[in-house]
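2 protein chains.
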Amino acid sequence: MKLTILKDYLNDSIQHVSKAISSKTPIPILSGIKIDVDSNGMTLTASDTDISIQSFIPIELNDLNIIELERTGSIVLSAKFFVEIIRKLPAAIVEIEVKDNFQTVIRCGSSEIQLVGLDPEEYPTLPSIEEYRRFQLPSDLLRTMIKQTTFAVSTNESTPILTGVLWTVENGKLKFTACDRHRLGTRETNIEVASDFQLNNISISGKTLNELAKILPDQNTLIDIVFAENQVLFKLSSILFYTRILDGTYPDTSKLIPQSYQTELVINGHQLADAIDRAYLLSREEKTNIVKLIMNEDRTIEISSSSSELGKVTEQLETTSLTGELLRISFNSKYMLDALKVMDSELIHIGFTGAMQPIIIRPEETSSLLQLILPYRTTN
Amino acid sequence: MKLTILKDYLNDSIQHVSKAISSKTPIPILSGIKIDVDSNGMTLTASDTDISIQSFIPIELNDLNIIELERTGSIVLSAKFFVEIIRKLPAAIVEIEVKDNFQTVIRCGSSEIQLVGLDPEEYPTLPSIEEYRRFQLPSDLLRTMIKQTTFAVSTNESTPILTGVLWTVENGKLKFTACDRHRLGTRETNIEVASDFQLNNISISGKTLNELAKILPDQNTLIDIVFAENQVLFKLSSILFYTRILDGTYPDTSKLIPQSYQTELVINGHQLADAIDRAYLLSREEKTNIVKLIMNEDRTIEISSSSSELGKVTEQLETTSLTGELLRISFNSKYMLDALKVMDSELIHIGFTGAMQPIIIRPEETSSLLQLILPYRTTN
Numbered sequence: 001m002k003l004t005i006l007k008d009y010l011n012d013s014i015q016h017v018s019k020a021i022s023s024k025t026p027i028p029i030l031s032g033i034k035i036d037v038d039s040n041g042m043t044l045t046a047s048d049t050d051i052s053i054q055s056f057i058p059i060e061l062n063d064l065n066i067i068e069l070e071r072t073g074s075i076v077l078s079a080k081f082f083v084e085i086i087r088k089l090p091a092a093i094v095e096i097e098v099k100d101n102f103q104t105v106i107r108c109g110s111s112e113i114q115l116v117g118l119d120p121e122e123y124p125t126l127p128s129i130e131e132y133r134r135f136q137l138p139s140d141l142l143r144t145m146i147k148q149t150t151f152a153v154s155t156n157e158s159t160p161i162l163t164g165v166l167w168t169v170e171n172g173k174l175k176f177t178a179c180d181r182h183r184l185g186t187r188e189t190n191i192e193v194a195s196d197f198q199l200n201n202i203s204i205s206g207k208t209l210n211e212l213a214k215i216l217p218d219q220n221t222l223i224d225i226v227f228a229e230n231q232v233l234f235k236l237s238s239i240l241f242y243t244r245i246l247d248g249t250y251p252d253t254s255k256l257i258p259q260s261y262q263t264e265l266v267i268n269g270h271q272l273a274d275a276i277d278r279a280y281l282l283s284r285e286e287k288t289n290i291v292k293l294i295m296n297e298d299r300t301i302e303i304s305s306s307s308s309e310l311g312k313v314t315e316q317l318e319t320t321s322l323t324g325e326l327l328r329i330s331f332n333s334k335y336m337l338d339a340l341k342v343m344d345s346e347l348i349h350i351g352f353t354g355a356m357q358p359i360i361i362r363p364e365e366t367s368s369l370l371q372l373i374l375p376y377r378t379t380n
Numbered sequence: 001m002k003l004t005i006l007k008d009y010l011n012d013s014i015q016h017v018s019k020a021i022s023s024k025t026p027i028p029i030l031s032g033i034k035i036d037v038d039s040n041g042m043t044l045t046a047s048d049t050d051i052s053i054q055s056f057i058p059i060e061l062n063d064l065n066i067i068e069l070e071r072t073g074s075i076v077l078s079a080k081f082f083v084e085i086i087r088k089l090p091a092a093i094v095e096i097e098v099k100d101n102f103q104t105v106i107r108c109g110s111s112e113i114q115l116v117g118l119d120p121e122e123y124p125t126l127p128s129i130e131e132y133r134r135f136q137l138p139s140d141l142l143r144t145m146i147k148q149t150t151f152a153v154s155t156n157e158s159t160p161i162l163t164g165v166l167w168t169v170e171n172g173k174l175k176f177t178a179c180d181r182h183r184l185g186t187r188e189t190n191i192e193v194a195s196d197f198q199l200n201n202i203s204i205s206g207k208t209l210n211e212l213a214k215i216l217p218d219q220n221t222l223i224d225i226v227f228a229e230n231q232v233l234f235k236l237s238s239i240l241f242y243t244r245i246l247d248g249t250y251p252d253t254s255k256l257i258p259q260s261y262q263t264e265l266v267i268n269g270h271q272l273a274d275a276i277d278r279a280y281l282l283s284r285e286e287k288t289n290i291v292k293l294i295m296n297e298d299r300t301i302e303i304s305s306s307s308s309e310l311g312k313v314t315e316q317l318e319t320t321s322l323t324g325e326l327l328r329i330s331f332n333s334k335y336m337l338d339a340l341k342v343m344d345s346e347l348i349h350i351g352f353t354g355a356m357q358p359i360i361i362r363p364e365e366t367s368s369l370l371q372l373i374l375p376y377r378t379t380n
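From first to last, the protein sequence lines are chains A and B.
For the first sequence, position 326 (counting from the first letter as 1) is numbered 326 according to the UniProt record's numbering, and the numbering increases by one without interruption.
For the second sequence, position 142 (counting from the first letter as 1) is numbered 142 according to the UniProt record's numbering, and the numbering increases by one without interruption.
What follows is the structure, encoded as structure tokens:
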């Protein structure tokens with residue numbers, strides 16, 4: 001392999017694929033980035049077996065010569081040092097030459113870097129994806145849906161399936177579900193698929209989806225999403241992002257969501273979040289995060305928290321409407337803040353079915369987004 | 001104590017003094033901020049015994065009424081929660097009322113916060129400063145001098161005196177010295193003092209000076225600096241910053257600096273720093289940080305580092321001038337980068353007196369700033 005390449009293109013691709021590198025991989029070759037060069041261009045691959053990312057740099061793009069190819073070939077270079085040094089090279093054009101025994105020389109301006117490469121034959125091959133189910137989603141919508149659900153996945157590795165976001169498709173509706181046994185977040189959207197298109201029990205790691213969100217293009221472009229036996233492939237313009245589907249059966253959470261409410265509250269979400277945030281500051285010192293909500297006859301609500309050592313925070317808030325039975329209910333303020341943060345309308349609707357029953361938070365205007373948190377059992 | 005105060009003024013003052021709060025103070029009352037209110041205004045005090053910071057908020061400033069005073073008094077409030085809650089209060093005016101048993105109520109918009117206060121009588125009194133030696137320094141210059149020296153102080157607590165920056169004044173010149181046995185940084189400046197004004201063996205903690213730098217005003221104003229028996233007081237416009245002088249005798253470092261050089265190198269400091277930074281990336285992986293500098297007959301230099309596992313980085317650099325004996329010398333690249341980062345001119349001068357002797361780095365044009373690093377003893 002021998003070529004010169006424009007540094008900025010090489011650097012961008014390396015930054016993208018390096019997100020799949022795990023610092024504690026048990027497979028030594030996966031600590032490297034694989035570089036394959038053929039007559040079309042350069043393909044970079046990185047993988048931690050759960051995620052694999054591939055980025056392609058063409059020889060030429062819009063009449064701009066990105067690569068001057070002298071000899072095709074492949075090499076694997078240790079990511080740790082390679083990722084940083086490429087970013088810091090002094091000139092715009094980088095020469096890469098692979099010699100005998102995978103010895104690799106990188107030249108750029110006044111710098112010469114000799115790297116001990118690894119045998120590309122030892123690098124595992126990426127899963128082959130049979131494209132039997134696929135649909136498209138705009139990148140902005142995908143990023144928003146990820147943000148509105150991943151925070152609610154479980155961080156407890158003893159139930160791996162709950163560390164993922166469940167993807168289901170039924171009746172032309174894609175639904176994301178995340179649940180950690182204390183709270184649940186769901187977000188739906190219509191997609192263009194055949195009427196009999198179905199997806200179920202596809203759970204994708206929340207962490208992986210957050211990594212994907214970081215490299216989704218800023219311009220709102222359509223992302224191809226392809227589902228195979230145990231892999232999902234996201235096709236971005238020049239990047240392929242592969243992820244494993246989590247093993248196991250995702251529990252049925254549909255029964256958790258009440259069909260009707262005893263009490264319904266409509267309130268400005270920002271004001272509520274700010275008030276809970278102040279009460280959280282105190283409850284955090286008590287390490288419980290518990291705040292209390294009391295509904296008053298005059299349709300105001302009181303948010304409070306207290307600490308025997310430090311004192312008490314009390315917040316009075318007007319509501320837009322408050323109907324049904326007046327409740328006193330306690331909950332984890334951190335969970336409530338997380339749920340309020342992803343609401344996409346100013347007015348939010350909170351439904352209650354009793355002091356010991358799930359609290360349902362959703363935007364006042366739409367029902368495509370729903371967050372559920374379980375209350376705390378307290379003595380008063 | 002009872003008053004209302006504009007939140008932004010209160011918040012700014014709290015943020016300033018809270019820099020003196022240590023999370024692990026052995027004296028419980030020092031985990032609090034002391035508030036004293038008299039007919040002139042409000043004084044906030046925080047201290048960890050090494051540093052004490054006092055901030056004053058006047059009743060009125062430029063015809064703006066900042067405080068509406070109803071009743072004077074004092075209280076100590078636990079900093080941890082107080083600092084954050086004030087920042088997050090919902091309205092522009094904050095009411096503070098201290099009731100019996102130091103119970104304190106803070107009201108702001110729809111929020112009411114009850115705090116368990118502490119007895120202000122138990123708060124230690126600040127050192128009284130007899131102003132027998134003092135001078136002034138522009139805030140920008142003081143900040144620069146701090147930045148150019150503190151990185152070189154020792155982090156080893158077994159020799160506390162070396163964790164400080166030595167301040168000396170002689171012949172109308174103020175000099176900062178920092179030294180950790182492997183490197184030394186000095187910066188001098190002329191100050192306006194009587195010709196017989198002297199300071200010696202005043203060592204101030206590098207950490208403390210970095211905290212001071214953070215609250216120095218952005219506008220270039222004159223800072224009053226007052227030296228007492230074992231304290232130094234920095235007088236900023238509305239802030240008093242007290243710090244302890246470190247115990248012990250600062251070692252004489254003047255002998256370390258060679259009077260003449262065998263080899264002198266003048267080079268672009270940014271290009272040298274970038275080249276060393278790339279070599280550092282590799283040497284860091286070897287956990288040694290060692291890079292090698294080789295001087296060539298053609299007046300170029302070569303910077304290199306190598307790792308048996310990863311490979312080798314070689315950088316060729318032009319020099320502006322290179323005179324004297326051609327050397328091969330190895331040094332800690334991190335120390336060299338730290339020294340180059342604070343140079344205030346493009347061209348820098350590096351002086352050598354042999355491969356085992358101190359390396360002296362200074363700007364080409366001025367001699368008020370000087371950095372010294374010791375080379376590594378290597379086999380070739």
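Here a beta-carbon is modelled for each residue, glycine too, at the ideal position from N, C-alpha and C.
First and last residue of the uninterrupted alpha helix (DSSP H) at residue i
i: Arg87 (chain A); result: 79 to 87
i: Val17 (chain A); result: 7 to 17
For residue j and residue i, believed in contact at Cβ under 8 Å, the rounded distance
i: Ile204 (chain A); j: Val232 (chain A); result: 6 Å
i: Leu44 (chain B); j: Gln54 (chain B); result: 7 Å
i: Val94 (chain A); j: Cys108 (chain A); result: 5 Å
i: Ser330 (chain B); j: Pro375 (chain B); result: 6 Å
i: Glu364 (chain A); j: Ile348 (chain A); result: 6 Å
Terminal residues of the beta strand (DSSP E) in which residue i lies
i: Arg377 (chain B); result: No beta strand (DSSP E) holds Arg377 (chain B); DSSP gives it neither H nor E.
i: Gln54 (chain A); result: 51 to 58
i: Ala46 (chain B); result: 41 to 47
i: Glu68 (chain A); result: 67 to 71
i: Thr104 (chain A); result: 103 to 108
i: Pro138 (chain B); result: 133 to 138
DSSP beta-bridge partners of residue i
i: Asp36 (chain A); result: A:Thr43, A:Ser74
i: Ile29 (chain A); result: Note: Ile29 (chain A) sits in no beta bridge, so no partner.
i: residue 391 (chain B); result: Past the boundaries of the shown model lies residue 391 (chain B); chain B is included only from 1 to 380, so the question cannot be answered.
i: Glu112 (chain B); result: A:Thr314, B:Arg107
i: Pro363 (chain A); result: A:Ile348
i: residue 402 (chain B); result: The requested residue 402 (chain B) does not occur in the structure, where chain B is confined to residues 1 to 380.
i: Leu61 (chain B); result: B:Leu64
i: Leu118 (chain B); result: B:Val76
Contacting residues, own chain, Cβ-Cβ under 8 Å from residue i (five flanking each side not counted)
i: Ser18 (chain B); result: Ile33, Ala46, Ala79, Val83
i: Ile129 (chain A); result: Val226, Ala228, Gln231, Leu233, Tyr242
i: Asn380 (chain B); result: Per-residue confidence for Asn380 (chain B) stands at a pLDDT of 49, beneath the threshold of 50, marking its modelled position as unreliable; the derived number appears in the next sentence. Around Asn380 (chain B): Arg328.
i: Ile202 (chain B); result: Leu166, Trp167, Thr168, Phe227, Val232, Ile245
i: Lys7 (chain A); result: Ile86, Leu89, Ala91, Ala92, Ile93, Val94, Cys108
i: Phe197 (chain B); result: Arg133, Phe135, Val169, Gly172
Cutoff 6 Å; reference residue i; Cβ partners in own chain excluding five residues on either side
i: Glu286 (chain A); result: Ser307
i: Phe176 (chain A); result: Met145, Thr149, Val165, Arg187
i: Gly351 (chain B); result: Tyr261, Glu264, Ile360
i: Val105 (chain B); result: Glu97, Gln114
i: Tyr123 (chain A); result: Ile29, Lys34, Val76
i: Ile59 (chain B); result: Gly41, Ile67
Sequence-distant residues of the same chain with beta carbon closer than 7 Å to residue i, five excluded per side
i: Asn220 (chain B); result: Pro138, Ser139, Asp140
i: Leu3 (chain A); result: Val37, Ile67, Glu68, Leu69, Glu70, Ile96
i: Leu256 (chain A); result: Leu184, Pro358, Leu372
i: Pro251 (chain A); result: none
i: residue 406 (chain B); result: It is not possible to answer for residue 406 (chain B), since the shown part of chain B is limited to 1 through 380.
(message) To test your reading of the DSSP string, which unbroken beta strand (DSSP E) runs of 3 or more residues are found completely within the region 193 to 267 of chain B?
(response) 199 to 205, 222 to 227, 231 to 235, 239 to 244
(message) For a minimum of 3 consecutive residues, which ranges assigned as the beta strand (DSSP E) are wholly contained in the region 146 to 198 of chain B?
(response) 164 to 170, 173 to 179, 183 to 190
(request) Report the residue ranges of all beta strand (DSSP E) runs contained in full by the region 268 to 335 of chain A; include only those spanning at least 3 residues, in chain order. (result) 290 to 295, 300 to 307, 311 to 318, 321 to 324, 328 to 332
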